[in-house]
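S.K.: Dumping the structure here so I can ask a few things about it.
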């Protein structure tokens with residue numbers, strides 16, 4: 001990371017930022033062509049879960065190449081400049097690299113759906129086996145993670 005003064009390595013803080021993010025973006029690659037998609041997610045034990053339909057571009061790509069990049073960000077404020085090019089954004093961002101796996105185990109699928117809905121709604125829901133079969137669940141195991149926080153201390157970043 002270029003700006004070591006903005007780097008966050010404390011895993012508790014990183015997990016808090018992830019918990020405060022409503023949508024993450026999953027980056028994939030198919031035949032050297034990037035593809036990115038925003039998803040709602042659940043997070044637990046260094047793994048991200050998301051759900052999708054049983055067919056689609058994400059599914060096709062991940063079946064061929066399960067190496068992914070995940071991005072989380074929270075924009076908190078914008079410092080409006082008096083001088084052009086002196087503005088700044090107060091933000092928190094995370095980039096993670098990992099591998100995506102299709103979840104086949106029914107109990108893990110139900111647990112993942114519960115994590116996702118609780119993260120999005122703040123409510124805990126129970127899922128039946130039948131409900132879990134209506135979607136595909138993908139788990140991303142994080143292998144590397146970096147976090148950067150900007151709090152207006154420096155300009156011209």
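In my numbering, the protein residues as written are 1 to 157.
C-beta: ideal position from N, C-alpha, C; glycine also.
Please read all numbers here as calculations on a predicted model, not as lab measurements.
Which residue marks the beginning of the beta strand (DSSP E) containing residue 28, and which one marks its end?
M.R.: Taking the chain shown and counting its residues from 1, one reaches residue 28 at position 28. 24-30 is the span of the beta strand (DSSP E), which, as asked, contains residue 28.
S.K.: Nearest to residue 35 by alpha carbon, out of 55, 69 and 9?
M.R.: Locating residue 35 in the chain shown gives position 35, where the first residue counts as 1. Residue 69 is the option with its Cα nearest to residue 35.
S.K.: Take residue 155 and list the residues in its own chain whose beta-carbon comes closer than 7 Å to its own, dropping the five residues that flank it on each side.
M.R.: Counting from 1 along the chain shown, the entry for residue 155 is found at position 155. Because residue 155 carries a pLDDT of 44, less than 50, the predicted location of this residue cannot be relied on, and the following value inherits that uncertainty. Same-chain partners within the cutoff: 86 and 88.
S.K.: Measure from the alpha carbon of residue 106 to the alpha carbon of each residue in 82, 48 and 127, then state which is nearest.
M.R.: On the chain shown, position 106 is the one that residue 106 refers to. Considering only alpha carbons, the answer is 127.
S.K.: The alpha helix (DSSP H) spanning residue 119 covers which residue range?
M.R.: For the purposes of this step, residue 119 is identified with residue 119 of the chain shown, where counting begins at 1. That run of the alpha helix (DSSP H) goes 106-121.
S.K.: Where does residue 150 sit, in a helix, a strand or coil, going by DSSP?
M.R.: Taking the first residue of the chain shown as position 1, residue 150 is located at position 150. Of the three classes helix, strand and coil, the one that applies to residue 150 here is strand, per DSSP.
S.K.: Would you kindly work out how many angstroms separate the C-alpha atoms of residue 101 and residue 27, rounded to a whole number?
M.R.: As a first step, residue 101 is located in the chain shown; it is residue number 101 there, counting from the start. As a first step, residue 27 is located in the chain shown; it is residue number 27 there, counting from the start. Rounded to the nearest angstrom, the two C-alpha atoms are 14 Å apart.
S.K.: Which partner residues of residue 42 appear in the DSSP bridge assignment?
M.R.: Locating residue 42 in the chain shown gives position 42, counting from the first residue. Looking at the DSSP assignment, residue 42 forms a beta bridge with 49.
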